[in-house]
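*Asks:* First, the structure itself, so that you have it in front of you.
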């Protein structure tokens with residue numbers, strides 16, 4: 001029930017974004033550039049775009065069971081109806097993607113890369129709704145779409161294709177297709193909202209997040225939760241130091257040194273524990289030791305002249321490395337250095353303003369609270385410069401024209417981290433090592449930390465949500481305008497036919513060539529999705545019959561169109577970058593402001609829910625990505641932890657603390673002491689990192705077991721036979737098992753062991769090797785012998 005006083009348009013938008021669709025539909029809308037809403041008065045989609053999907057549908061039947069267009073935002077909806085779990089096209093695609101699935105317990109359990117040949121050994125393969133998760137289904141559909149290949153001389157929308165060229169990436173690169181994204185599954189999303197977004201005091205449902213959003217996003221939230229728990233210890237110690245601060249100068253100095261050393265060692269232990277935790281999650285989610293693809297498609301925006309690939313034999317774009325290096329050295333690096341100089345100039349101007357304000361406050365011309373104005377101004381300027389440089393970094397990275405997504409992503413991260421580090425920490429380094437003012441350093445750190453966190457949460461979650469609501473209100477307004485216009489035309493007796501090309505019952509356009517049975521079935525169920533249902537049940541009451549007929553002829557705004565109007569979730573770049581800068585504040589300078597860890601912890605509690613909010617409420621659903629860990633961000637955190645050792649030791653030496661602790665020492669002795677302390681802390685840091693294994697023991701043992709099985713299988717790969725077992729005099733079995741078919745001749749049982757006991761042992765062999773017992777007969781040998789039926793020679797022997 002809506003609250004009193006709520007705009008009716010806003011209430012109506014909840015029906016748009018809260019629809020449910022059939023769970024066996026794999027729907028992937030694709031937004032096409034060049035056409036606009038019919039409610040906005042422009043023309044319907046062009047024939048060229050319709051021809052595009054006719055070609056796609058005719059090329060690969062298994063991708064499009066239903067292909068329809070909607071006039072509201074020029075969205076093409078590809079809905080694939082799953083006829084059952086054993087949908088062979090999806091199963092083959094899962095094998096190509098090397099998706100790991102659980103093995104049945106009778107075959108040993110555990111996780112294994114899906115192999116179509118061994119279909120029956122995988123747990124849950126008979127159940128269509130549970131074998132593949134929602135994220136895996138969308139990933140498979142994306143894989144199938146991105147592997148659609150053009151034929152020679154195919155031409156769509158004045159764009160020619162090469163033989164074997166991937167269609168979808170090329171359309172995206174040419175801006176013919178604007179975007180492709182998976183639809184939200186409202187049932188799963190509702191569960192996530194209740195158990196994750198709203199459940200502030202409960203653990204995150206990481207498995208559900210992984211199943212819905214993919215491993216990459218789930219790994220980020222696992223990292224954020226692990227990092228937040230790790231902050232509890234420095235937060236507690238920081239509160240204690242803050243309470244005892246000022247009791248005596250000696251105690252303050254000792255606490256400063258102790259807390260600085262603690263932060264460095266804490267960061268090391270935390271990072272090593274995170275490596276262990278991430279390896280556990282990667283194993284459970286089936287991405288541990290994931291092999292990189294040797295054959296990968298170029299990025300959609302990668303361009304160059306076409307040459308024949310020596311690997312695939314197909315014509316592919318090629319861009320010489322010397323051009324990229326030329327642009328990098330003569331454009332990218334000078335632009336980056338210029339941006340860093342601008343940051344320094346702005347920072348210097350604000351510090352001059354700070355000195356002027358402080359002088360006015362001492363003279364009594366300005367009130368005391370004005371001393372915080374330059375600090376807040378610096379924090380705001382840092383946020384503005386971050387946004388500007390982000391656009392510059394993307395532009396430079398696009399111009400450098402990297403072929404692979406991973407290379408593009410890593411170089412973009414390096415650019416963003418470099419600028420963010422200078423932009424966020426330059427003022428703190430200036431205060432700490434040039435001005436040598438610890439009180440000013442504490443004030444500046446507190447201001448930057450709190451201001452950036454507040455502004456970041458507003459920019460990430462609140463503003464996108466409000467913009468999205470405004471878009472939905474506009475859509476609702478268009479609904480009302482369209483209804484009134486159609487009703488007026490009907491009263492004048494005009495023909496209000498809704499369209500051509502076989503318009504379905506809910507106003508959607510069905511492309512010729514699609515499966516009519518599937519389309520009719522889906523279209524019948526779509527009555528309750530679109531504008532027709534909301535107009536008939538407008539404001540909770542049933543409209544008169546005449547208005548129903550008007551509503552019947554209006555093109556519906558359904559889930560695909562509404563989500564197409566939302567912003568795309570770019571990636572985890574911004575989220576990781578925010579946590580990296582926060583980690584730097586905690587480890588580099590928190591000895592000057594002990595409550596920095598507490599501020600970071602409180603922010604992260606809000607950050608987890610705000611990030612969940614933006615994924616569940618604001619953005620389009622992203623395609624899931626399978627990753628092994630947090631990637632290059634782990635390296636960035638390691639570099640920052642090493643930098644923290646140097647910075648904290650330098651703070652101890654240059655803040656006057658060492659001279660107060662050791663007043664009899666000269667400057668040379670103090671410098672030697674600082675260098676010695678730095679080396680001691682670095683040695684302890686690396687010893688801790690070496691002593692803590694990156695992977696838990698149980699994972700190492702499981703990997704060793706799988707490697708043993710792999711080597712045993714390789715030994716017997718050339719033996720084209722079935723070997724059941726080898727028995728010695730103690731009746732113990734050494735299992736050897738192959739996946740080949742049953743032999744031409746069956747060697748009968750030649751042992752006194754009961755048949756049921758022998759069958760039990762053979763099933764143990766099958767479970768041990770995670771393969772089914774293909775041969776139902778029991779093949780036994782005498783003491784210490786092997787019986788095998790060699791298909792290559794036709795000989796069988798028993799000794």
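Residue numbers (the UniProt record's numbering): 1 to 799.
Yeah, the Cβ is synthetic: ideal placement off N, Cα and C, and Gly gets one too.
Please read these numbers as outputs of a predicted model, since none were measured by experiment.
1) Residue 268: buried (16+ other C-beta within 10 angstroms of its C-beta) or exposed?
2) Any idea if residue 805 is buried or exposed, counting beta-carbon neighbours within 10 angstroms, 16 or more meaning buried?
3) Within a Cβ cutoff of 8 Å, which residues of the same chain sit near residue 254, ignoring the five residues on either side of it in sequence?
4) If you draw a straight line from the C-alpha of residue 281 to the C-alpha of residue 226, how long is it?
5) Starting from residue 100, trace the beta strand (DSSP E) in both directions and tell me its first and last residue.
6) Would you grab the beta carbon distance between residue 462 and residue 577 for me? Rounded to a whole angstrom, and I think it's under 8 Å.
7) Using 8 Å as the cut-off, can you tell me whether the region 669-676 makes contact with the region 246-263, which would need three or more C-beta pairs spanning the two stretches below that distance?
8) For residue 214, which residues from the same chain have a beta carbon less than 6 Å from its beta carbon, with the 5 sequence-adjacent residues on both sides left out?
9) Please go through the same chain and pick out, in chain order, the residues whose beta-carbon is closer than 6 Å to the beta-carbon of residue 592, but skip the five residues on each side of it.
10) For residue 308, name the three-state secondary structure that DSSP assigns.
11) Going by C-alpha distance, which of 350, 595, 99 and 421 is nearest residue 140?
12) Tell me the DSSP secondary structure of residue 114 in three-state form.
13) Given residue 807, which residues of its chain have a CB within under 7 Å of its CB, disregarding the five upstream and five downstream residues?
14) If contacts are defined as beta-carbon pairs under 8 Å, then residue 413 and residue 573 qualify, I think. What distance do you get, rounded to the angstrom?
15) Output needed for residue 616: all residues of its chain with C-beta closer than 8 Å, excluding positions within five of it in sequence on either side, in chain order.
16) Per the contact definition of three or more C-beta pairs closer than 8 Å, is the region 347-361 in contact with the region 387-396?
17) My assumption, with CB atoms under 8 Å, is that residue 102 sits in contact with residue 122. Please give the rounded CB distance.
18) With a cut-off of 8 Å on the beta carbons, I'd call residue 144 and residue 177 a contact; round off their distance for me.
19) Quick one: is residue 182 buried, meaning 16 or more other Cβ sit within 10 Å of its Cβ, or exposed?
20) Would you mind giving the Cβ-Cβ distance between residue 603 and residue 453, rounded to the nearest angstrom? I have them listed as a contact below 8 Å.
21) Once DSSP output is grouped into helix, strand and coil, what is the label at residue 621?
22) What number of angstroms, rounded off, separates the C-alpha of residue 379 from the C-alpha of residue 308?
23) In the DSSP assignment, what residue or residues form a beta bridge with residue 149?
24) Taking residue 186 as the reference, give the member of 202, 212, 251 and 175 with the closest Cα.
25) When you compare only the Cα positions, how much space is there between residue 411 and residue 244?
26) Within 10 angstroms of the Cβ of residue 91, are there 16 or more other Cβ atoms? Answer buried if so, exposed if not.
27) Run through the region 665-692 for me and flag every whole beta strand (DSSP E) of 3 or more residues, listed as ranges in chain order.
28) Per the DSSP calculation, residue 464 is bridged to which residue(s)?
29) Give a yes or no on whether the C-beta atoms belonging to residue 632 and residue 224 are separated by under 8 Å.
30) Using the Cα positions of residue 238 and residue 645, report the straight-line distance between them to the nearest angstrom.
31) Is the Cβ-Cβ distance between residue 335 and residue 447 less than 8 Å?
32) How far does the alpha helix (DSSP H) with residue 574 in it reach, from first residue to last?
33) Taking the C-alpha atoms as reference points, what is the distance between residue 387 and residue 420?
34) Under the three-state reduction of DSSP, which class applies to residue 662: helix, strand or coil?
35) With C-beta atoms as the reference, is residue 619 less than 8 Å away from residue 695?
36) In whole angstroms, what is the alpha-carbon distance linking residue 242 and residue 320?
*Replies:* Walking through what the data contain:
1) buried
2) Because the chain is modelled from 1 through 799, residue 805 falls outside the range shown and cannot be assessed.
3) 661
4) 12 Å
5) Per DSSP, residue 100 belongs to the beta strand (DSSP E) from 100-102.
6) No, residue 462 and residue 577 are not in contact; Cβ-Cβ is about 19 Å, not under 8 Å.
7) no
8) Apart from the 5 residues on each side of it in sequence, residue 214 sits with its Cβ closer than 6 Å to the Cβ of 135, 624 and 625 in its chain, given in chain order.
9) 438, 441 and 442
10) strand
11) 99
12) coil
13) Here the chain comprises residues numbered 1 to 799, so residue 807 is not present and cannot be evaluated.
14) 7 Å
15) 189, 192, 193, 196 and 197
16) no
17) 7 Å
18) Actually they are not in contact, since the Cβ atoms of residue 144 and residue 177 sit about 16 Å apart, beyond 8 Å.
19) Residue 182 should be labelled buried.
20) 4 Å
21) When secondary structure is reduced to three states using DSSP, residue 621 falls in the coil class, being assigned neither helix nor strand.
22) 52 Å
23) DSSP lists 166 as the beta-bridge partner residues of residue 149.
24) Scanning 202, 212, 251 and 175 for the CA closest to the CA of residue 186 turns up 212.
25) 45 Å
26) Buried, since its Cβ has 16 or more Cβ neighbours within 10 Å.
27) DSSP runs (the beta strand (DSSP E)) wholly in the region 665-692: none.
28) Partner(s): none; residue 464 has no beta bridge.
29) no
30) 18 Å
31) Not closer than 8 Å, so no.
32) 573-588
33) 10 Å
34) Correct three-state label for residue 662: coil.
35) Contact: no.
36) 57 Å
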